[in-house]
Amino acid sequence: MAQFWKPGTEKPRLLEDEDGGVVFLSSSFSSSSSGYGFASIEKQRQRLPVYKYRTAILYLVESHATTIVVGETGSGKTTQIPQFLKEAGWADGGRVIACTQPRRLAVQAVASRVAEEMGVKLGEEVGYTIRFEDVSNSDLTRIKFLTDGVLLREMMDDPLLTKYSVIMVDEAHERSISTDILLGLLKKIQKRRPELRLVISSATIEAKSMSNFFLSSKRRRALEGDELLRPSLEPAILSVEGRGFNVQIHYVEDPVKDYVQAIVSTVLLIHDKEPPGDILVFLTGQDDIDAAIKLLTEEARGNGKTSSGLIILPLYSGLTRAEQDLVFSPTPKGKRKVVISTNIAETSLTLEGIVYVIDSGFSKQRFYNPITDIENLVVAPISKASAKQRAGRAGRIRPGKCYRLYSEEYYLNEMSVQGIPEIQRSNLVSCVIQLKALGIDNILGFDWPASPSPESMIRALEVLYSLGVIDDDAKLTSPVGFQVAEIPQEPMVAKMIISSNELGCLDEIITIASVLSVQSIWFSIRGAQKELDEAKLRFAAAEGDHVTFLNIYKGFLQSGKSSKWCHKNFINYHAMKKVMEIREQLKRIALRLGIVLKSCEADMQLVRKAIAAGFFANACRLEAYSHGGMYKTIRGSQEVYIHPSSVLFRVNPKCVIYHSLVSTDRQYMRNVISIEPSWLTEVAPHFYQQQRHNPNIH
Ligand code: CDP
Ligand code: MG
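Take 1 as the starting number for the sequence shown in the UniProt record's numbering and just add one per residue.
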């Protein structure tokens, strides 16, 4: 085995011995998620570890306000528990069972799986809702999957979430910002609705701290009396014993320099030397996944022996339905599937057939610095808890192997035990406005599962004040504050939309907001960078990327929304269709808020002003021409550069506003528009007040 391991330098080391356990291979597990009859699906359900706990779960939910279910990924928590609850009558009388997920792709995937298991049409008895996509029916849907963010939005219309009998907060260990807000709010709702049941489910053992969080409310409520009328307030904890097989862990001896290259070599070695079984690779994001696929395809091609039989597939959130289906469909006989994924496959989704896992040791994480007021997605080391989860994916159907592209020493001594909850490393602007809209004014005093830092909170309040969303008493302003809260977009985008009313350019601004809501409208084809750049030039606007989007949208409409036209221009047709859908929804919402659908025709100054009215906090000024143009943020004096994908790359206008930052070797601004510095004090006098005499502005 040792000689087969090349990345880094050396031989792998065996940590845990394969225990030679029974090889579990049953026909139903290698069969597809489509094409089998009802009986087979029923049998599959009964085989899941969670099935044995059906009675226990139903009993605990009946008798406890909160039930915490811990069980390894793939044990059936997400797909089975909502069905158990429905079978036991929790959805009778028009009530609904909700199950939340932090990730949109997971919502779609589990909802369609559950609809299939129940033999119903997706969108009827079983439905789902994610931002900009509602596949549910208010009369028919009894089990509803939704993102935790969408459930938070539903609270704006129905603060006590009265239509739900049970709310299952799934993937609680991920500690996404919305999950944490939701947990805090649900704890409040429980006080008012003793009949509401919560199920908190999680893949790792952090049940105790979760239980303590819900326990403190027990003490409070005990003081309020009438406890006899209520279900037990002490949370129940149930641990589902999994059926995972042993996974051998291999480490590299020396740190890997280029993990994309290391992954490619490891895949080829496994394919060459190891028995059949699919490979799951954990990388960080779409960019490096695409790079790894490109390299793997090339190297496999150049290596006749190993090339045959590999099916290489990406898995990340921007995939179309068809691409997702490929990932979940069974591997044909004699082939080996290689799924290269973000950490979405860590716990949110279960892939059948995986025997080998390659763990890069990294994931993309959000980090926010309240001092510089900069938030970006950074490729950062994962925690031990994540590393264990990743390895566990290899042991679902039989003993497997996990190749870690980091050293054992690093794992033991340097890797942090748990990740930091997202709320402690995020910009809190969206979070604060959501809580304000729900009438929670004392945000620092809110009952958080983990408290955000006061600095981040103060920063968020300051930005919201500058946006005109909250007043001197930190209350939502009327109408702007309430309007911004109503629009399902981050507050800066929402403010941009509202400002377009006065400027008479809503038509253009909702197009821009829609394009900014999809991952990318460009279609990158391996090895065709030059053609892509040329296509971009055809639409490029001197003002910047946002105006370029308007040109593309116009071209798309003129082509009669043609997929051929998209193909010819390197534009992602699916993304454009999504843009159209989002645009329709934003238009409906804007009209409901009384914003008039006007176009400013060719006057792009108005469009740029509307962008500035929302995104003034992201204004930067050109400082030097070094490294292709060095900018500094006007407020925080942070060094930033225009991303090479921007049409303003190397154009370097004097003053720009960016939509987001990505950090690699430097901080890069993505989606950039040029503005006049004097607009800043016009649109955000408070924010730039102290800088009135700052030479950076005038
Ligand atoms: O939530 P948990 O990780 O405990 O498991 P689950 O998502 O409910 O998955 C239970 C089983 O359903 C696994 O064997 C999955 O492979 C299968 N499943 C599937 O085939 N297709 C899906 N879209 C989701 C789950
Ligand atoms: Mg799950």
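Each residue gets a CB set at the ideal place from its N, CA and C atoms; glycine is no exception.
Cut-off 6 Å between Cβ atoms - residues of its own chain near residue i, not counting five sequence neighbours on either side
i	result
Glu490	Ser430
His64	Pro231, Ser232 and Ala236
Tyr668	Tyr641, His643 and Val662
Phe556	Met576
Gly35	With a pLDDT of only 37 at Gly35, under the threshold of 50, the placement of this residue in the model should not be trusted, and no figure is reported.
Ser660	Arg670
Val240	Pro49, Val50, Tyr53, Gly71 and Ser75
Arg197	Val61 and Val166
Gly636	Thr372 and Asp373
Strand pairing of residue i, partner residues [DSSP]
i	result
Gly309	Its beta-bridge partners do not exist; DSSP assigns none.
Ala624	Met630
Gly71	Val240
Thr141	BP columns for Thr141 are empty, so no partner.
Tyr658	Val672
Cys402	Ile249 and Val357
Arg336	Leu310
Asn501	None, per the DSSP bridge assignment.
Glu639	Lys632
Thr147	Gln101
Tyr368	Glu375
Gly544	Ile673
Chain-order list of residues whose beta-carbon lies under 7 Å from that of residue i (same chain, five-residue window excluded)
i	result
Leu151	Ala98, Thr100 and Leu182
Gly37	Reliability of the predicted coordinates at Gly37 is poor, the pLDDT of 40 falling under 50, and the value obtained from them is presented with this limitation in mind. Nothing listed; no residue qualifies.
Leu58	Phe84 and Ala88
Phe29	At Phe29, the pLDDT of 27 sits below 50, so the modelled position is not reliable; the number obtained from the coordinates is stated separately. Cβ within range, chain order: Glu352 and Ile397.
Leu25	At Leu25, the pLDDT of 23 sits below 50, so the modelled position is not reliable and the matter cannot be decided from this model.
Phe214	Thr66, Lys187 and Pro235
Val651	none
Gly614	Met492, Val493, Lys495, Met496 and Ser499
Glu639	Met630, Lys632 and Gln667
Arg45	Tyr51, Gln80 and Glu117
Ser136	Gly123, Gly127, Tyr128, Thr129 and Lys144
Leu593	Gln483 and Glu486
Pairwise C-alpha distance: residue j and residue i
i	j	result
Glu623	Gly242	58 Å
Glu502	Asp157	27 Å
Lys475	Asp441	7 Å
Leu296	Pro314	12 Å
Phe687	Ala610	16 Å
Pro677	Ile657	10 Å
Arg425	Pro452	8 Å
Gly544	Ser645	11 Å
Pro421	Gly302	44 Å
Gln324	Gly318	10 Å
Ile454	Leu60	Per the sequence shown, the amino acid found at residue 454 is Pro instead of Ile. Pro454 and Leu60: Cα-Cα distance of roughly 38 Å.
Ile68	Leu160	21 Å
Pro276	Cys505	58 Å
Ser456	Glu195	36 Å
Val480	Gly468	7 Å
Ser524	Ala513	22 Å
Cys566	Cys620	33 Å
Gln286	Ala292	10 Å
Asp290	Ala106	21 Å
Cys655	Ile675	6 Å
Asp507	Ala109	34 Å
Val252	Ile263	12 Å
Glu174	Leu238	19 Å
Ile41	Ile443	47 Å
Ile470	Ala460	11 Å
Asp472	Gly392	51 Å
Other residues of its chain near residue i: CB distance less than 8 Å, five sequence neighbours each side excluded
i	result
Pro255	Gly8, Tyr406, Ser407 and Tyr410
Ile521	Val515, Phe549, Ile552, Ile571, Asn572, Ala575, Met576 and Val579
Thr331	Asp278, Ile311, Lys337 and Gly353
Thr179	Thr100, Pro102, Asp148, Val169, Glu171 and Ala172
Ile589	Glu486, Ile487 and Pro488
Ala541	Val547, Thr548, Leu550, Asn551, Met604 and Val647
Any non-hydrogen atom of the ligand SAM within 6 Å of residue i CB
i	result
Arg193	With respect to the ligand SAM, the structure shown offers nothing to examine, as its ligands consist of the ligand CDP and the ligand MG.
### Shell residues, 6 Å Cβ cut-off relative to heavy atoms of the ligand CDP
Ser33, Leu48, Gly71, Thr73, Gly74, Ser75, Gly76, Lys77, Thr78, Thr79, Gln80, Ala109, Val110, Arg113, Phe328, Thr350 and Glu352
### Query
Curious, which full-length alpha helix (DSSP H) runs of at least 4 residues does the region 65 to 135 contain?
77 to 87 and 104 to 118
### Task
May I have a chain-ordered list of the alpha helix (DSSP H) segments no shorter than 4 residues that lie completely inside the region 150 to 236?
177 to 192 and 207 to 223
### Message
If we require 4 or more residues per run, which alpha helix (DSSP H) segments fall completely within the region 375 to 423?
### Response
384 to 392 and 408 to 413
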